[in-house]
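UniProt numbering puts the first residue of the sequence shown at 1, with every later residue one more than the last.
Below: one structure, written as structure tokens.
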Amino acid sequence: PENIAFTRWLTHLQNGVLLDEQNCLMLHELWLQSGTGQRRWEELPDDVRETITVHFTAKRGDWCDIWGNEDVTVWWNRLCDNVLP
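In structure tokens form, the structure reads like this:
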């Protein structure tokens, strides 16, 4: 069955939601509801990893240190290890 919380989370990111405090909290809640954070990078299907990589690459300056060069795999797994935003 379709994971509605994941679909909403991904749709917001694809639509370029403004990353203000309210939206970040909403995205985090969807992240928790979806259970996505319990899935390590290696467990995600190839098409999902590809989609996440595209969005991470486009938004890495907003989500991470702009000068950082962190690999998407490291970033994703670190997200999975941290429950709180």
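C-beta atoms are modelled at their ideal positions from N, C-alpha and C, and glycine is treated no differently.
1. Output the boundary residues of the alpha helix (DSSP H) element that contains Val72.
2. If you draw a straight line from the C-alpha of Leu30 to the C-alpha of Leu13, how long is it?
3. Can you tell me which of the three DSSP states Leu32 falls into?
4. Between Gly37 and Leu10, how many whole angstroms is the CB-CB distance? I'm expecting something under 8 Å.
5. For Arg60, which of helix, strand or coil comes out of DSSP?
6. How about Ile52 and Val74: do their beta carbons lie closer than 8 Å?
So, from the data block:
1. First-last of the alpha helix (DSSP H) with Val72: 72–81.
2. So the alpha carbons of these two residues sit roughly 12 Å apart.
3. Three-state result, Leu32: helix.
4. That pair is no contact at about 13 Å.
5. The answer is helix: DSSP assigns Arg60 an H, G or I state.
6. No; because the gap between Cβ atoms is not below 8 Å, this pair is not in contact.
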